[in-house]
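Student: Encoded as structure tokens, here's the structure I'll be asking about.
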Amino acid sequence: MGKRRSQKAAVLEGTEVMVKKKTRKPRSPIPEPTYIIPDVERKETTFKGPLILGYACLNTILRNKRPAAESIFCSRTCRIDTIKKNGLEWVKDLGRKNCQDLLSIIQWNHENNIRFMRISSEMFPFASHATYGYSLDYCAPLLSQVGALASQLGHRLTTHPGQFTQLGSPRAEVVQSSLRELQYHAEMMDRMGLGVDGVMIVHGGGVYEDKAATIERIKETITRVLPKNVRERLVLENDELCYNAEDLLPLCEELDIPLVFGKSHYHHDALHPSSISRRQIIERANAVWIRRGIKPKQHLSEPRPGAETLMERRAHADRCQSLPEELPDDMGRPVWVKAKDKEQAVLHLYRIYGLQPVKQGKKHLVVLGLICVRDKSVQNLYGHLMKIRPRRPRDANLTRRGRRKRAERKRQMT
């Protein structure tokens, strides 16, 4: 169609036409973020024993390190299409990297007085898959190193197989899939050399229209299907929809399977309460833990502020603001904090109750910091570590015409 015109000038019918070069308006500079250690209201607890708080899977500080290549986390995963494309060795390498980063997370936890953590189920992607599953032999030295470090530092590691682990399913293939998932978790913990305190926690699952019959199937699966190394690590947990503690406690007492409850599902039990008191359930549940020689493990969570409906109340708050009154005061026990802010939620409770010293020097301000962004609003650090900028309005990507149409639709609706 002719020669490309110069950016500086073009010739059109003998007349020189200047083509203006587009220039972008320079952005206003984004100032360095300011970190603030917020004051907390100090509270007292009647709990007399050593209280060990922990969190699940992800360390938000290490995960959000920049540049991205320095990010530390142990939940790298993929999809089956990626396995088909890149091969099994590529997937195994993800597991190797996850295992290496778990060492760094344990070390960070120790430096910040956190000695309890739930390991991600995605440590080894698709290791329990029927077609693409694989043994953890290749990573045995690293897993042994993780277990040795945890033992040396006095840390407790546990796991929580996913929601698709359904021991009471009426479908044999689902039970077999659940068995493979539990065997994978047990193999990982066995290769770490974790003792009896390294437990695997699962929910009761669905009720399949008949809760009593499903509980019988759960009992059958535990006693006749699960191998010994899986049974020895298995722990059941009540939930907010299908099985409360009262449903599971008789089964746990009969089979000598520990039950996670008490201050544990302060959140879940509030949504799906039992008819007997929490203190009674705690005493009966603790008896099984003690009889098995395993340190009791409890879960603490709170619903998000302002939640009203059941679905809204199921979501966990960013941080827990208090310890339940039902905390037994006669023995130390680990408490896993279920909160969106992960390790920051643990450190938050440390400060409220004075449970552990929290580092607040210059290099540690990020741990408990609130970040002030350009629009002067103060927002939670977790949402802004990825990108320190004020949130764009929902219609920021719309054209002027698109915004007019949206405004017109709103007027018509009103």
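Counting in my numbering, the sequence shown runs from 12 upward without gaps. Yeah, the Cβ is synthetic: ideal placement off N, Cα and C, and Gly gets one too. Here the structure is a predicted model, which means the values were calculated and not measured.
Quick check: does the Cβ of Leu164 come within less than 7 Å of any heavy atom belonging to the ligand ADP?
Tutor: In terms of ligand content, the structure shown is empty, and the ligand ADP therefore cannot be addressed.
Student: Helix, strand or coil for Ala21? Go by DSSP, reduced to three states.
Tutor: Translated into positions along the sequence shown, residue 21 becomes position 10. Caution applies to Ala21, whose pLDDT of 47 falls short of 50 and renders its modelled position unreliable; the model cannot decide the point.
Student: Start and end of the alpha helix (DSSP H) containing Met203?
Tutor: For the purposes of this step, residue 203 is identified with residue 192 of the sequence shown, where counting begins at 1. Per DSSP, Met203 belongs to the alpha helix (DSSP H) from Ala183 to Met203.
Student: Tyr393 to Arg228, Cα distance in whole Å?
Tutor: Taking the first residue of the sequence shown as 1, we reach residue 393 at position 382. Taking the first residue of the sequence shown as 1, we reach residue 228 at position 217. Residue placement at Tyr393 is flagged as unreliable, the pLDDT there being 38, under the threshold of 50; the coordinate-derived value follows with that caveat. Distance between the alpha carbons of Tyr393 and Arg228: 42 Å.
Student: Would you tell me roughly how many angstroms separate the C-alpha atoms of Trp119 and Gly173, rounded to the nearest one?
Tutor: Locating residue 119 in the sequence shown gives position 108, counting from the first residue. Locating residue 173 in the sequence shown gives position 162, counting from the first residue. Near 26 Å, if we compare the C-alpha coordinates of Gly173 and Trp119.
Student: Less than 8 Å between the C-beta atoms of Leu190 and Leu237, yes or no?
Tutor: Here residue 190 refers to the residue found at position 179 when the sequence shown is read from its first residue. Here residue 237 refers to the residue found at position 226 when the sequence shown is read from its first residue. Cβ atoms of Leu190 and Leu237: closer than 8 Å.
Student: Should the region 141-156 be regarded as contacting the region 212-230, the criterion being three or more beta carbon pairs within less than 8 Å?
Tutor: These segments do not touch.
Student: Among residues of its own chain, excluding the 5 on either side of Ser286, which ones have a beta-carbon nearer than 7 Å to its beta-carbon?
Tutor: Indexing the sequence shown from 1 puts residue 286 at position 275. Result list for Ser286: Glu257, in chain order.
Student: Applying the criterion that 16 or more other CB atoms from any shown protein chain within 10 Å of the CB defines a buried residue, is Lys239 buried or exposed?
Tutor: By one-based count along the sequence shown, residue 239 stands at place 228. Exposed is the call here.
Student: Out of Val185, Pro316, Lys370 and Pro61, state which residue places its alpha-carbon closest to the alpha-carbon of Ala141.
Tutor: Within the sequence shown, the letter at position 130 stands for residue 141. That would be Val185, whose Cα lies nearest to the Cα of Ala141.
Student: Would you kindly report the start and end of the unbroken beta strand (DSSP E) that includes Leu245?
Tutor: Within the sequence shown, the letter at position 234 stands for residue 245. Counting along the chain, the beta strand (DSSP E) containing Leu245 begins and ends at Leu245 to Glu248.
Student: Based on DSSP bridge pairs, tell me the residues matched to Val271.
Tutor: The residue labelled residue 271 in the question sits at position 260 within the sequence shown. According to DSSP, Val271 bridges with Glu248.
Student: Output the distance between the C-alpha atoms of Lys351 and Thr71, rounded to the nearest integer angstrom.
Tutor: As a first step, residue 351 is located in the sequence shown; it is residue number 340 there, counting from the start. As a first step, residue 71 is located in the sequence shown; it is residue number 60 there, counting from the start. Cα to Cα, Lys351 sits roughly 9 Å from Thr71.
Student: Can you tell me whether Arg330 is buried or exposed, with buried defined as 16 or more other CB within 10 angstroms of its CB?
Tutor: Along the sequence shown, one-based indexing puts residue 330 at 319. That one is buried.
Student: Taking the beta strand (DSSP E) that Thr169 falls in, what are its first and last residues?
Tutor: As a position in the sequence shown, residue 169 is number 158, starting the count at 1. It spans Arg167 to Thr169 - the beta strand (DSSP E) in which Thr169 sits, taken as one unbroken run.
Student: Excluding five sequence neighbours on each side, which residues of the same chain lie with their C-beta closer than 6 Å to the C-beta of Lys353?
Tutor: Along the sequence shown, read from residue 1 onward, the residue named residue 353 stands at position 342. The residues are Tyr66, Leu69 and Thr71.
Student: Along the beta strand (DSSP E) that carries Val213, what are the first and last residues, could you check?
Tutor: Walking along the sequence shown from the start, residue 213 turns up at place 202. Unbroken beta strand (DSSP E) run through Val213: Met211 to His214.
Student: Given a threshold of 16 other Cβ atoms within 10 Å of its Cβ, counted over all protein chains shown, does Asn426 qualify as buried or as exposed?
Tutor: This structure cannot speak to residue 426, because the chain is shown only from 12 to 425.
Student: Reducing DSSP to helix, strand and coil, say where Ala326 ends up.
Tutor: By one-based count along the sequence shown, residue 326 stands at place 315. Three-state result, Ala326: coil.
Student: Return the chain-ordered ranges of every beta strand (DSSP E) run that is complete within the region 103-178 and spans a minimum of 3 residues.
Tutor: Runs found: 127-129 and 167-169.
Student: Might you give, ordered along the chain, the residues of its own chain that have their beta carbon closer than 6 Å to the beta carbon of Asn124, omitting 5 neighbours on each side?
Tutor: Here residue 124 refers to the residue found at position 113 when the sequence shown is read from its first residue. Taken in chain order, the residues that qualify are Gln367.
Student: Should Asp250 go down as buried or exposed, given a rule of 16 or more other Cβ atoms within 10 Å for buried?
Tutor: Taking the first residue of the sequence shown as 1, we reach residue 250 at position 239. It counts as buried.
Student: Is Leu270 near Leu252, with beta carbons less than 8 Å apart?
Tutor: Counting from one through the sequence shown, the residue named residue 270 turns up at place 259. Counting from one through the sequence shown, the residue named residue 252 turns up at place 241. Against a cut-off of 8 Å, the Cβ pair of Leu252 and Leu270 comes out as no contact.
Student: Sort Met203, Ser82, Lys54 and Pro136 by Cα distance to Ile116 and report the nearest one.
Tutor: By 1-based counting over the sequence shown, the position of residue 116 is 105. Of the candidates Met203, Ser82, Lys54 and Pro136, the one whose C-alpha sits nearest the C-alpha of Ile116 is Ser82.
Student: Kindly indicate which residue of Val102, Glu231 and His121 has the alpha-carbon position closest to the one of Ser162.
Tutor: Translated into positions along the sequence shown, residue 162 becomes position 151. For the residues Val102, Glu231 and His121, the minimum Cα distance to Ser162 belongs to His121.
Student: So Ile72 is in the alpha helix (DSSP H); what residue range does that whole segment cover?
Tutor: Position 61 of the sequence shown holds residue 72. Looking at the DSSP string, the run of the alpha helix (DSSP H) that includes Ile72 is Thr71 to Arg74.
Student: State buried or exposed for Ile301, treating a residue as buried only when at least 16 other CB atoms are found within 10 Å of its CB.
Tutor: Working through the sequence shown from its first residue, we reach residue 301 at position 290. Ile301 is exposed by the Cβ-count criterion.
Student: Look at the Cβ atom of Arg129, then the Cβ atom of His166, and state whether they are nearer than 8 Å.
Tutor: Position 118 of the sequence shown, counted from the first residue, corresponds to residue 129. Position 155 of the sequence shown, counted from the first residue, corresponds to residue 166. Result no, Cβ atoms of Arg129 and His166 do not sit closer than 8 Å.
Student: Excluding the 5 residues flanking Val102 on each side, which residues of the same chain have their C-beta closer than 7 Å to its C-beta?
Tutor: Translated into positions along the sequence shown, residue 102 becomes position 91. Excluding sequence neighbours, Val102 sits near Cys89, Ile94, Pro136 and Phe137.
Student: When the distance is taken between beta carbons, is Val241 closer than 8 Å to Ala197?
Tutor: Reading the sequence shown from its first residue, position 186 is the one you call residue 197. Reading the sequence shown from its first residue, position 230 is the one you call residue 241. Cβ atoms of Ala197 and Val241: closer than 8 Å.
Student: Could you give the distance in angstroms between the alpha-carbon of Gly413 and the alpha-carbon of Arg422?
Tutor: Translated into positions along the sequence shown, residue 413 becomes position 402. Translated into positions along the sequence shown, residue 422 becomes position 411. Cα to Cα, Gly413 sits roughly 14 Å from Arg422.
Student: Determine the contact status of Val2 and Leu311, defining contact as a CB-CB distance below 8 Å.
Tutor: One cannot answer for residue 2 here, as it falls past the ends of the chain, which runs 12 to 425.
Student: Terminal residues of the continuous beta strand (DSSP E) containing Leu64?
Tutor: The sequence position of residue 64 within the sequence shown is 53, counting from 1. Taken as a continuous stretch (DSSP letters only), the beta strand (DSSP E) holding Leu64 covers Leu62 to Ala67.
Student: Between Met211 and Leu245, is the Cβ-Cβ spacing less than 8 Å?
Tutor: Walking along the sequence shown from the start, residue 211 turns up at place 200. Walking along the sequence shown from the start, residue 245 turns up at place 234. Contact flag set, yes.
Student: Look up Gln309 in the DSSP assignment and give the residues it is bridged to.
Tutor: Along the sequence shown, one-based indexing puts residue 309 at 298. For Gln309, which the question treats as bridged, DSSP gives the partners Val346.
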